[in-house]
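Okay, structure first, notes after.
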Amino acid sequence: MSVERQFAIADTCFLIDWARYRDRDLLFKIFNAVFVPESVLREIKSEATVSWVASKLAENRLALYTETEDELEEARRLIEMSRRNPRIPSIDLPEAVCLSIGRRRGYIVLTENKGAIMASELLEGYRSVTVWRALEILLAVHLAGEVEVNCNNPIKRFMEYQEDTLHIFPHRDLIEVKHRIERIRCRGE
Amino acid sequence: MKESGAEENRLRKWLEEEEEARRIRREMADWDYINKQPPRIREALKYYIETGDIRRASKLAGLEIEEFREMLRKARIPIIV
């Protein structure tokens, strides 16, 4: 997992969960800036999320991204492509915009939207887009040595994220993450 | 051919994960809370439990996505991604 890419772009599903996490500012340990498209910003309504987003915009850790007409048009085409495949859960403009910008600018797309994750794996032209969930962000933070690791419980922070958000990571992914952290941070392999 | 096989494998993995996620959502959900909700919200919560599709579920509920996410928390329905 590389953290060379310094920019990410976040969609609504990601922000509304991540904003509830006790260590949410860990995000900025691995990204210089996280862009928030205007279409995503319009969907954020709760006081807690708006307050966190506003404070981070003021600190220039989050940055507003104004979509171009070309990016919006590509996003609309992407939505049509996804609707042709009944096995992909629906995606709407905000996450489609993130995938379009991720593809064009090489930003890492941050999302928890299953449709967006599947679209990046299954739709022609989007397989090169890097999509991270909270799981990959937390893993990157651990592997980059940005947090101390308790080798008796290497996935403590992942469990805390689950507690704070009621967002559960797939068991198989959590086991894999645990083994990677043990191997790299605890045994120094 | 190779590409199509890889795609099938990815789809199979997704379907297995979704089946497991659906089971967990059904088990963890607070059904008393869900059944006390107005019909539109109740059916949207059930739709989410079965599909994991938050976009369509929030539209069914007539709620903004963040409001619906909060409704999922109150109903103890986890997001599994």
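Here the protein sequences line up with chains A and B, keeping their order.
Position 140 of the first sequence, counting from 1, maps to 140 under my numbering, and the rest follow consecutively.
Position 14 of the second sequence, counting from 1, maps to 203 under my numbering, and the rest follow consecutively.
Glycine is no exception: its CB is placed at the ideal position from the N, C-alpha and C atoms.
By the neighbour-count criterion, in which 16 or more other beta carbons inside 10 Å mark a residue as buried, B/ASP219 falls on the exposed side. In the structure shown, B/ALA264 adopts coil according to DSSP, grouped into three states. A/PHE7 is bridged by DSSP to A/ALA33. Close to chain A, meaning a Cβ-Cβ distance shorter than 7 Å, are the following residues of the region 196-207 of chain B: GLU196, ARG199, LEU200, TRP203 and GLU206. DSSP lists A/VAL34 as the bridge partner or partners of A/LEU62. Annotation: A/VAL109 is outside any alpha helix (DSSP H); the continuous beta strand (DSSP E) that includes it extends over 108-110. In terms of beta-carbon proximity, A/CYS186 stays away from the interface with chain B, with every pair separated by 9 Å or more.
Annotation: the continuous alpha helix (DSSP H) that includes B/PRO228 extends over 228-240. With distances taken between CA atoms, B/ARG214 lies nearest to A/ILE168 out of A/ILE168, A/VAL129, A/HIS179 and A/ARG183. Here A/SER82 is not near A/ALA140, since their CB atoms are 9 Å or more apart. Close to chain B, meaning a Cβ-Cβ distance shorter than 8 Å, are the following residues of the region 81-92 of chain A: ARG87, PRO89, SER90, ILE91 and ASP92. A distance of 9 Å or more separates the beta carbons of A/ARG105 and A/GLU74. By the criterion of a C-beta distance shorter than 8 Å, A/HIS179 is surrounded by no residue of its chain, once the five residues flanking it on both sides are discounted.
The bridge partners DSSP lists for A/ILE168 are B/ILE269. Taking 8 Å as the Cβ-Cβ cut-off, the region 216-248 of chain B approaches chain A at THR240, GLY241, ASP242, ILE243, ARG244 and ARG245, given in chain order.
Under the criterion of beta carbons closer than 8 Å, A/TYR21 and A/ASP164 qualify as touching, at roughly 5 Å. Distance between A/ARG61 and B/ASN224, taken at the CA atoms: about 42 Å. Boundaries of the alpha helix (DSSP H) around A/PRO94: 93-105. Out of A/CYS13, A/GLN162 and A/LEU78, the CA that lies nearest to the CA of A/GLY125 is found in A/LEU78. The Cβ atoms of B/ARG258 and A/CYS98 lie no closer than 9 Å to each other.
Per DSSP, B/ASP221 is one residue of the alpha helix (DSSP H) stretching across 220-224.
In terms of Cα proximity to B/ARG201, the closest of A/THR130, A/ARG87, A/GLU136 and A/LEU143 is A/ARG87. DSSP places A/VAL40 in the helix class (H, G or I) of the three-state scheme. In summary, the residues of the region 2-28 of chain A whose CB is separated from some CB of chain B by less than 8 Å are THR12, CYS13, ILE16 and ASP17, in the order they occur in the chain. The Cβ atoms of B/ALA250 and B/TYR222 do not sit closer than 9 Å to each other.
The Cβ atoms of A/ALA63 and A/ALA33 lie closer than 9 Å to each other.
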